[in-house]
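Heads up: the sequence shown begins at 1 in the UniProt record's numbering, then just goes up one per residue. Beta carbons: idealized from backbone N, C-alpha and C, even for Gly. Here the structure is laid out as structure tokens; the discussion comes afterwards.
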Amino acid sequence: MENKVSLTGNKLVVVPQGINKIFAVKKRLEIPLKNIDGATIDNGILNEFRGLKAPGTSIPGFYAGTFHKNNEKTFFNVKRTSTVVVIQLRNEKYARLVLGVENGRKLVDEINNTIKTQD
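Right, dumping it as structure tokens:
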């Protein structure tokens, strides 16, 4: 598991696990729920051009850190073998988070159901 993700109070908290903290150059991300547009499972995103990595790590099958593409930043912390959860953001440093997690479907449903009740 690359990340622990939780909904705590009015925010989403992402904590890269183990050595992934070093590769991702992040110890923790906190995103207000009001800035989340939605979440999906999308393993296909790993087949797309990720953009320029800075700072972070990109080795075959593992992507971690900040990637710049089309004037947007995306935070990746994912292995190709993981269930890939993509979280779309607004008014944040990152346009999206691309995360490897356990129980991806459960997390996606939890995020989407929670942000619906925030409206």
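Proximity to residue i [Cα-Cα], best of the options
{"i": "G61", "options": "K79, K73, N71", "result": "K79"}
{"i": "R96", "options": "L29, D37, Q88", "result": "Q88"}
{"i": "N35", "options": "N70, T81, L12", "result": "L12"}
{"i": "S82", "options": "I31, P32, G100", "result": "G100"}
{"i": "I111", "options": "T40, G65, G44", "result": "T40"}
With 16 other Cβ atoms within 10 Å as the buried cut-off, status of residue i
{"i": "T117", "result": "exposed"}
{"i": "I59", "result": "exposed"}
Pairwise C-alpha distance: residue j and residue i
{"i": "R105", "j": "I22", "result": "27 angstroms"}
{"i": "residue 126", "j": "L52", "result": "Because the chain is modelled from 1 through 119, residue 126 falls outside the range shown and cannot be assessed."}
{"i": "R90", "j": "V84", "result": "20 angstroms"}
{"i": "K73", "j": "V86", "result": "13 angstroms"}
{"i": "G9", "j": "L29", "result": "14 angstroms"}
{"i": "L46", "j": "H68", "result": "15 angstroms"}
{"i": "N113", "j": "L7", "result": "11 angstroms"}
{"i": "E92", "j": "I31", "result": "8 angstroms"}
Uninterrupted beta strand (DSSP E) stretches inside the stretch 1-62 (no shorter than 3 residues): 3-8, 11-16, 29-32, 36-41, 52-59
Beta strand (DSSP E) segments (min. 3 residues) lying fully within the stretch 60-102: 62-69, 72-79, 83-89, 96-101
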